[in-house]
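One structure below.
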Amino acid sequence: MRRFITLPLLFLALLNYAAPAMAEPVVVVNARSSVTQLSQDEVVNIFLGRYRRFPGGGAATPIDQPEGNPLRAEFYRKLVNKDLDQINAYWSRLIFSGKTLPPKSAENAAEVLRLLSANPGGIAYIERNLLDSRFRIVMELR
Amino acid sequence: MKTTRDYSHMPVQSPACRPYQPLLNLHLLIKSAAGGLPLSSSLAVLCLAVLCLAVLCLTASSPLRAEDNPSNAVKPAVSWHGFGTLGLTRTDNDNAEFVRDLSQPSGAGKSWTAKIDSLLGIQANIDFSPNTEAVVQVVSRFHADGSHDPELTWAFLRHDFSPDFSLRAGRLGTEFYMLGDSRLVGYSNLALRPPPDFYGSLVFSYIDGLDVSTTLPVAGGLLRGKLFGGLSPEDTPYGPGTTWNQHGSLLVGGYLDFLDGAWQVRLSHAQVRFNHEAPTDEFLRLLGDPLSGTPYLSLIPDMAIADHWARFSSLGVVYDQGPLNIQFMLNQIKQDSPAYSDSKAGYVQVAYRFRSVTPYLGISRSLTSREPLPNSIIPVPGLDSITESLVSQSYLDQHTYTLGGRWDVHKNMALKAQVDWVRGTPASLFLFKNPQPGWDGDMTVFSLALDFVF
């Protein structure tokens, strides 16, 4: 009988363990910004450097998670259905033809929060559970 | 046509093939960056320096800047970037040499060569402020003079007056067609090289000049426009061992882009006014001096090309959705001088990514039209066939089937393999070097490449 309980528990524990890898990024701006909602296309334009302005006209400064953070791969997968190799190839075209530079990469997840809270025009993607009153969700990624 | 043959299929005058040595050229890269630059490059650098100062003065007093750097200790941040390709190419045919584009004076035959696609580029980005940046890029590749001597491909100062309006001044890559300004960055492209049918006749890689670009949200998408103008600092290979001086040729153009979701559509136009005559007499001397030293243009001045325009118009459509990438492009080149034929070209490329492997398929086509040839001012026996043979150097009538794959083996590194089947008429000579009498217009090209960025 005991075995029947422990097995599902173990399974649950494993699921729980795997949860951080299945992180759910949300797109947030600084709470001092007047932006309340962004469409997926608008977020694509800002993060891929096509047009870095918010709908109201203010300049948008995107902040990327560090390269090793699985949230980064998850974000681009959900945003444009591309993996990081494809995103790197995209940016190498723009870098070597002297165009827009990629978003600034933070050193770690905590620095993303620090940079965003210091910059009213900033925009980032973070794990939902790191959300606090300094930030506002402007887009959910499904 | 029979007499044409003798001239159009040039004698073998292939310059000695040099081994590929980009790494050995690294010291040259550094040397040229440090001051061993040719005159035109020095001029570009000088212009840059002046512009740097001007923009710095303008931005130093801006309140935005003070806010961004509260300490006021302004130190330009320099970041280094690089890209390169190690490539191997061979064909099934020794009757003509395959080149990547007409900036290469000789090409690949039946034995493997690394010179077609291998290259190394190094770039420094210097940030003076969040809105002002200088970029300097040097590339070593097999080019016009048959060497791998490093070239200054980009050296400009950019100022973003707003997030959607930028001005760049200095040495700038040309963007006649969509993706045209990143032709050398193999890692950024899916296929091993840009289709020669479409991009191969493009010999202008950069200008010393200016460009402005702007972006506007329109109808749920983005409208982006760019205008550029400047002078060429380059040379173009002409006949075997001869180059056509393009220094001072004027290049102007622009494009309109519409981006919406996965779609990008571009209309573009660019034109060139040649500053120098093509080295026709030098070329004729190589063919046995049929005019015994009489300058060719003195007999047939209508064949002049200096001060004449070539006009390049194109349409590009890209659909890029997740793993699927489709490119479709058309172009038309109109030459004011009868010395070169007008041409049309197009290609379609479809790629689909399965995990880290992206197979792709392509088909391309290029075709020139034949116009009546100009007459000589005095009748000279054999002159018409010489004219015919000169113009026939630019004939094209071929299509190419391409099958290849890209494998992203590692971060910032991709391996590619590609086969191209060129099917053309024997008169389709323009995109090949040193065609022999046995040339029938058909060629299969095998290529391998390792592309990387760092």
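Line by line, the protein sequences give chains B and S.
Under the working numbering, the residue at position 41 of the first sequence is numbered 488, and the numbers go up by one with no gaps.
Under the working numbering, the residue at position 130 of the second sequence is numbered 157, and the numbers go up by one with no gaps.
Glycine included, every Cβ here is placed at the ideal spot set by N, Cα and C.
Please read these numbers as outputs of a predicted model, since none were measured by experiment.
What is the C-beta distance between Leu485/B and Val585/B, in whole angstroms, given that I count them as a contact (C-beta under 8 angstroms)? Taking the first residue of the first sequence as 1, we reach residue 485/B at position 38. Taking the first residue of the first sequence as 1, we reach residue 585/B at position 138. Leu485/B to Val585/B, Cβ: 5 angstroms. Contact.
Using the three-state DSSP reduction, which class does Tyr498/B fall into: helix, strand or coil? Translated into the one-based positions of the first sequence, residue 498/B becomes position 51. If DSSP states are grouped into helix, strand and coil, Tyr498/B belongs with coil.
Taking the alpha helix (DSSP H) that Tyr422/S belongs to, which residues open and close that run? Position 395 of the second sequence holds residue 422/S. Element bounds for Tyr422/S: n/a, residue is neither H nor E.
Have a look at Arg500/B and Gln533/B and give me their C-alpha separation to the nearest angstrom. As a first step, residue 500/B must be located in the first sequence, where it is residue number 53. As a first step, residue 533/B must be located in the first sequence, where it is residue number 86. Straight-line Cα distance between these residues: approximately 24 angstroms.
By the 10 Å Cβ neighbour count, where 16 or more other Cβ atoms means buried, how is Pro221/S classified, buried or exposed? The residue you call residue 221/S lines up with position 194 of the second sequence. Flag for Pro221/S reads buried.
Distance between Asp187/S and Phe355/S (C-alpha atoms, nearest Å): In the second sequence, the residue the question calls residue 355/S occupies position 328. In the second sequence, the residue the question calls residue 187/S occupies position 160. Taking the straight line joining both Cα atoms gives about 31 angstroms.
Where do the N-terminal and C-terminal ends of the alpha helix (DSSP H) with Trp538/B fall, by residue? Counted from its first residue, the first sequence places residue 538/B at position 91. Trp538/B -> alpha helix (DSSP H) spans 531-542.
Cβ distance (whole Å) where Gly256/S is taken to contact Leu237/S below 8 angstroms: As a first step, residue 256/S must be located in the second sequence, where it is residue number 229. As a first step, residue 237/S must be located in the second sequence, where it is residue number 210. At roughly 6 angstroms, the Cβ-Cβ gap stays under 8 angstroms, so Gly256/S and Leu237/S are in contact.
Does Asp424/S pass the burial test, meaning 16 or more other C-beta atoms within 10 Å, or should it be called exposed? The residue labelled residue 424/S in the question sits at position 397 within the second sequence. Result: buried.
Mind checking Ala333/S: buried by the 16 CB within 10 Å criterion, or exposed? In the second sequence, the residue the question calls residue 333/S occupies position 306. Flag for Ala333/S reads exposed.
Quick one: grab the DSSP three-state call for Gln445/S. Start at 1 with the first residue of the second sequence, and residue 445/S comes out as number 418. Strand at Gln445/S.
Please report whether the beta-carbon of Asn272/S lies at a distance below 8 angstroms from any beta-carbon of chain B. Position 245 of the second sequence, counting from 1, holds the residue named residue 272/S. No, no contact with chain B.
Simplified DSSP state of Thr201/S, which is helix, strand or coil: Position 174 of the second sequence, counted from the start, is the residue given in the question as residue 201/S. Note: Thr201/S maps to coil in three-state DSSP.
With 16 as the cutoff for other CB atoms within 10 Å, does Ile405/S come out buried or exposed? Your numbering for residue 405/S matches position 378 in the second sequence. Ile405/S should be labelled exposed.
Which residues in the same chain as Trp271/S place their Cβ atom closer than 8 angstroms to its Cβ, once the five residues preceding and following it in sequence are excluded? As a first step, residue 271/S is located in the second sequence; it is residue number 244 there, counting from the start. Excluding residues within five positions, the ones whose Cβ falls inside 8 angstroms are Asp262, Thr263, Pro264, Tyr265, His303, Ala305, Pro306.
Asn358/S, buried or exposed, once every other Cβ within 10 Å from all chains shown has been counted against 16: In the second sequence, residue 358/S corresponds to position 331, counting from 1. Buried: at least 16 other Cβ atoms inside 10 Å.
Minimum length 3: unbroken beta strand (DSSP E) runs contained in the segment 111-193 of chain S: 146-156, 159-168, 178-189
Does the beta carbon of Lys529/B sit closer than 8 angstroms to a beta carbon anywhere in chain S? Locating residue 529/B in the first sequence gives position 82, counting from the first residue. By this cut-off, Lys529/B is an interface position.
Can you check DSSP and say which residues form a bridge with Asn402/S? Within the second sequence, residue 402/S is the residue found at index 375, counting from 1. DSSP output for Asn402/S lists no bridge partner at all.
What does Phe399/B touch in chain S if you count any residue whose Cβ is under 9 angstroms from its own? Chain B is shown only over 448 to 589; residue 399/B falls outside these bounds and no answer can be derived.
With a CB to CB cut of under 6 angstroms and the five nearest residues on each side skipped, what residues in its chain are close to Thr427/S? Mapped onto the second sequence, residue 427/S falls at position 400. Cβ neighbours of Thr427/S beyond the five flanking positions: Asp224, Ser391, Asp447, Val449.
What number of angstroms, rounded off, separates the C-alpha of Leu147/S from the C-alpha of Ala556/B? By 1-based counting over the second sequence, the position of residue 147/S is 120. By 1-based counting over the first sequence, the position of residue 556/B is 109. So the two alpha carbons sit approximately 35 angstroms from each other.
Any idea which residues DSSP pairs Trp8/S with across the strands? Any property of residue 8/S remains undetermined from this structure, which presents chain S solely from 28 to 481.
Lys142/S versus Leu417/S - alpha carbon distance: The sequence position of residue 142/S within the second sequence is 115, counting from 1. The sequence position of residue 417/S within the second sequence is 390, counting from 1. About 27 angstroms.
Can you name the residues that DSSP bridges to Ile510/B? The count along the first sequence starts at 1 and reaches residue 510/B at position 63. DSSP, once it has assigned bridges, lists Lys551/B, Ala571/B as partnering Ile510/B.
Delimiting residues of the beta strand (DSSP E) encompassing Phe582/B: Taking the first residue of the first sequence as position 1, residue 582/B is located at position 135. Looking at the DSSP string, the run of the beta strand (DSSP E) that includes Phe582/B is 582-587.
Decide yes or no for the touch test of the segment 527-541 of chain B against the segment 470-481 of chain B: beta carbon pairs closer than 8 angstroms, at least 3 of them. no
Along the segment 492-521 of chain B, where does the CB come closer than 7 angstroms to a CB of chain S? Name the residues. Asn492, Arg497, Tyr498, Arg499, Arg500, Ala506
Could you tell me the alpha carbon to alpha carbon distance between Asp191/S and Arg251/S, rounded to whole angstroms? Indexing the second sequence from 1 puts residue 191/S at position 164. Indexing the second sequence from 1 puts residue 251/S at position 224. Each residue's Cα considered, the two are about 9 angstroms apart.
Assign Asn492/B to one of three DSSP states: helix, strand, or coil. To locate residue 492/B, count along the first sequence from 1; it is residue 45. It is helical.
Using a Cβ-Cβ cut-off of less than 9 angstroms, give me the residues of the segment 572-587 of chain B that come near chain S, in sequence order. none
I need the straight-line Cα distance from Gly173/S to Ile510/B, nearest angstrom please. Within the second sequence, residue 173/S is the residue found at index 146, counting from 1. Within the first sequence, residue 510/B is the residue found at index 63, counting from 1. Going from the Cα of Gly173/S to the Cα of Ile510/B covers about 45 angstroms.
Could you name the residues of the same chain whose beta carbon sits closer than 8 angstroms to that of Gly281/S, not counting the 5 residues immediately before and after it, in chain order? Stepping through the second sequence from its first residue, residue 281/S is reached at position 254. Hits under 8 angstroms: Gly252, Lys253, Leu254, Phe255, Ser295, His296, Ala297.
Nearest residue (CA-CA) to Gly432/S, options Asp478/S, Pro322/S, Leu410/S, Tyr422/S: The residue you call residue 432/S lines up with position 405 of the second sequence. Ranking the options by Cα distance to Gly432/S, first place goes to Asp478/S.
DSSP three-state label for Pro386/S, please. Within the second sequence, numbered from 1, the residue matching residue 386/S stands at position 359. Strand at Pro386/S.
Member of Val165/S, Glu124/S, Lys137/S whose CA lies at the smallest distance from the CA of Trp107/S: Position 80 of the second sequence, counted from the start, is the residue given in the question as residue 107/S. Minimum Cα distance to Trp107/S is reached at Val165/S.
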